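Chemist: Just so we're aligned: the sequence shown equals residues 1 to 482 in the UniProt record's numbering.
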Amino acid sequence: MSELEGVPRQIFLAGQWRDSADGSRFPVQDPGNEQRLCEVSDAQDADIREAIDAAIGAQEAWAATAPRDRGEILRRAWQLMTDRTDDIARLMTLEMGKSLEESRAEAAYAAEFFRWFSEEAVRINGRYGRNPAGSGRTLVTRRPVGPCLLITPWNFPLAMGTRKIGPAIAAGCTMIVKPAQLTPLSMLNLAAILREAGLPDGVLSVLPTTSASRVSGPVLADPRIRKVSFTGSTEVGRKLVELCAPNLQRMSMELGGNAPFLVFPDADLDRTVAGAVTAKMRNNGESCVAANRFHVHSSVADEFVRRLAEEMSGMKVGHGTEDGVRVGPLISAEQRDKVSELVEDALNRGAQAVVGAKALPGKGFFYAPTVLTEVPPDARILREEVFGPVAPVTTFDTEDEAVRLADDTEFGLVAYLFTRDLDRAVRVGERLSTGMVGINTGLVSNAAAPFGGIKASGFGREGGDEGIDEYLDVKYLALSVT
Ligand code: NAD
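Printed below as a string of structure tokens:
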């Protein structure tokens, strides 16, 4: 328990730490050994009502603050996160499972959104021009959308929060954050950092809870809440879109993925295998941008599979805090069982396991890094997000076939392609039906770039110049000039 000393476990309500209205709490577990880490307050209806009132009450004054002041708060929070990377990483590893190296990388990535948006806060621009008849002027400006509901998943407990909270603060919006039930501690710790950085009371509330709909129902039923930004599954995203219909709140939906990874015959195989390991194994494979399926030109498939299997089977699996561990546990028994089920389904349909293909015994939800070949087109693993360390490989012979296979999915978040032919890279990159394409890289996430998808992967962008637009309404003033 001493590992959690100083980590808040209560609700953060309008700048104050509080027990929930009825004092109830829920346990948080370490997925690497199945031990209980601590208990956290479970937000109740009365807490949620208070958080709504706080967000609405603070909105006007917060929107009127100087953009530079909002930027400075974010900058201070970035500095605090940077100074405390090791503590933040350890906490994340304990509640989520990923290796310390991965957690440090997420802590740095998460902090970077605060630095990026600290710089964007002072660049919220408009325009001024003559109308076509010359008789008037057009003044275009931007204003904060208003109080927001921000909902985050367990797989990146911090970064999925900062890429919403950063632009919301920069734009001048107040917010209620609902972290995932499995990983509330990183977000509560972040609230403490933001408070220390000078965020005024009422701008942010964090409501951990065992009932997500207890939050989303009443919050989105209030027409004064003007936006929801959600990262999570497509299934829950659809429900939230319905909840927003009556009040027509603005929405950003960062939903599921099914990323194809294309290897062309002229690819540099050293780079490709390194990129494949990154795209597949980052975050234990529990990432919406994880390469979900590998489509490899038949002339290089054997070599690619041999090298990928060698790399993946050499990765040390274990509790994320142990030295040298690169693959931690999956988040839960359900998640591990879903990975097993998808692998079994592929094997039953004729796929071959090159390495792995088994859950690991003992405490903790471990699954061995796995490479599958000869995966038939009807295997579920090619259609569903596996969210685990499994690489199914299939082959293609022509560029058109590669694009057809890549796009044969309801999702459209990211695709990866590896080739040394620049024409092909641009041609295929432009054709693919995804919001993002990694060209000769297995990592597209970057605070300075617009992250997001199309089709069943949702809409809206996080990061980049576009990230702050999600929290701003355009307003136009018509001026008559005589
Ligand atoms: P999830 O949809 O089950 O949960 C996400 C969040 O939504 C959690 O905080 C959960 O408590 C909450 N939630 C669940 N039901 C809700 C409801 N009715 N109302 C309000 N909130 C509700 O997803 P998950 O299992 O936590 O995360 C994995 C999913 O997230 C994967 O599909 C993954 O692809 C996706 N994801 C997407 C991105 C992206 O940027 N596109 C990034 C990370 C994860």
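Just so you know, even glycine gets a beta-carbon here, dropped at the ideal spot from N, CA and C. Predicted model only: the values in this text are computed from it and were never measured.
Can you determine whether any heavy atom of the ligand NAP sits closer than 7 Å to the C-beta of S213, and answer yes or no?
Modeler: As far as ligands go, the structure on display features the ligand NAD and does not contain the ligand NAP.
Chemist: Between S186 and L158, which are expected to be in contact by the criterion C-beta below 8 Å, what is the C-beta distance as a whole number of angstroms?
Modeler: The Cβ separation is near 5 Å, so the contact holds.
Chemist: Could you pull the start and end residues of the alpha helix (DSSP H) that V300 belongs to?
Modeler: Per DSSP, V300 belongs to no alpha helix (DSSP H) and is neither H nor E.
Chemist: Along the beta strand (DSSP E) that carries A78, what are the first and last residues, could you check?
Modeler: The sequence given here has Trp at residue 78, not Ala. Segment 67-83 is the alpha helix (DSSP H) holding W78; no beta strand (DSSP E) there.
Chemist: Apply the 10 Å Cβ neighbour rule to E60 and answer buried if 16 or more other Cβ atoms are within range, or exposed otherwise.
Modeler: Counting Cβ neighbours within 10 Å, E60 comes out exposed, since fewer than 16 surround it.
Chemist: Is it buried or exposed, residue 495, if we count other Cβ atoms within 10 angstroms and call 16 or more buried?
Modeler: This structure gives no information on residue 495, because the portion of the chain shown stretches from 1 to 482.
Chemist: Please determine, among Q44, L269, H295, the residue with the shortest C-alpha to C-alpha distance to D22.
Modeler: Nearest C-alpha to D22: Q44.
Chemist: Looking at C-beta atoms only, is the number of pairs between the segment 400-417 and the segment 350-358 that lie closer than 8 Å three or more?
Modeler: No, they do not touch.
Chemist: Have a look at D345, V428, I165 and flag the residue whose alpha-carbon is nearest the alpha-carbon of R380.
Modeler: Selected option, being the one with the closest Cα: D345.
Chemist: Is DSSP giving E39 helix, strand or coil here?
Modeler: If DSSP states are grouped into helix, strand and coil, E39 belongs with the strands.
Chemist: Roughly how many angstroms lie between the CA atoms of M1 and D86, to the nearest whole one?
Modeler: Here the model assigns M1 a pLDDT of 45, short of 50, so the residue's position is not dependable, and the following value carries that caveat. The alpha-carbon atoms of M1 and D86 are separated by roughly 17 Å.
Chemist: Buried or exposed for Q335, going by 16 or more other Cβ atoms inside 10 Å?
Modeler: Buried.
Chemist: Cβ atoms of V393 and A456: under 8 Å apart, would you say?
Modeler: Result no, Cβ atoms of A456 and V393 do not sit closer than 8 Å.
Chemist: Using the rule of at least 16 other Cβ atoms within 10 Å of the residue's Cβ for burial, across every protein chain shown, is P167 buried or exposed?
Modeler: Classification of P167: buried, given that the 10 Å Cβ count is 16 or more.
Chemist: Less than 7 Å between the CB of W154 and some heavy atom of the ligand NAD, yes or no?
Modeler: Yes, Cβ of W154 sits closer than 7 Å to a heavy atom of the ligand NAD.
Chemist: Going by beta carbon distance, what residues of the same chain come within less than 7 Å of L382, once the five residues before and after it are set aside?
Modeler: So the qualifying residues of the chain are R293, V375, P392.
Chemist: Helix, strand or coil: which one does DSSP assign to residue 483?
Modeler: Residue 483 lies beyond the residue range present for the chain, which begins at 1 and ends at 482; the question has no answer from this structure.
Chemist: Roughly how many angstroms lie between the CA atoms of L432 and D42, to the nearest whole one?
Modeler: Rounded to the nearest angstrom, the two C-alpha atoms are 43 Å apart.
Chemist: Among K475, T419, F113, G458, which one has its Cα closest to the Cα of R238?
Modeler: Taking only the C-alpha atoms, the option nearest R238 is G458.
Chemist: Could you pull out every residue in the same chain whose Cβ sits closer than 8 Å to the Cβ of L220, ignoring the five residues on either side in sequence?
Modeler: Answer for L220: L149, V228, L240, L243, C244, N247, Q249, listed in chain order.
Chemist: Buried or exposed: which applies to G257, given that a residue is buried once 16 or more other Cβ atoms fall within 10 Å of its Cβ?
Modeler: Buried is the call here.
Chemist: Among G318, E303, P218, A478, whose alpha-carbon lies nearest the alpha-carbon of I48?
Modeler: Of the candidates G318, E303, P218, A478, the one whose C-alpha sits nearest the C-alpha of I48 is P218.
Chemist: Considering only DSSP beta bridges, list what S205 is partnered with.
Modeler: Its beta-bridge partners are I176.
Chemist: Quick one: what does DSSP say G458 is sitting in, helix, strand or coil?
Modeler: Strand at G458.
Chemist: What is the residue span of the beta strand (DSSP E) that I381 lies within?
Modeler: Where I381 is concerned, there is no enclosing beta strand (DSSP E), given that its DSSP letter is neither H nor E.
Chemist: Of all Cβ atoms in chain C, is any one closer than 8 Å to the Cβ of V339?
Modeler: Of the protein chains in this structure there is only one, and it is not chain C.
Chemist: Provide the residue(s) that pair with H295 in DSSP beta bridges, ordered along the chain.
Modeler: For H295, which the question treats as bridged, DSSP gives the partners L262, T394.
Chemist: In whole angstroms, what is the alpha-carbon distance linking N440 and I193?
Modeler: Near 37 Å, if we compare the C-alpha coordinates of I193 and N440.
Chemist: Could you name the residues of the same chain whose beta carbon sits closer than 6 Å to that of T174, not counting the 5 residues immediately before and after it, in chain order?
Modeler: Excluding sequence neighbours, T174 sits near A55, A58, Q59, W62, P147, V203.
Chemist: In angstroms with no decimal places, state the Cα-to-Cα distance between G350 and H297.
Modeler: The alpha-carbon atoms of G350 and H297 are separated by roughly 20 Å.
Chemist: Let me confirm a value: G232 is counted as buried when at least 16 other C-beta atoms fall within 10 Å, else exposed. Which label applies?
Modeler: Counting Cβ neighbours within 10 Å, G232 comes out buried, since at least 16 surround it.
Chemist: Rounded to the nearest angstrom, what separates A406 and L262 at their Cα positions?
Modeler: Computed Cα separation, rounded: 8 Å.
Chemist: Using CA atoms only, rank isn't needed, just tell me which of V386, S313, A259 is closest to G452.
Modeler: Minimum Cα distance to G452 is reached at A259.
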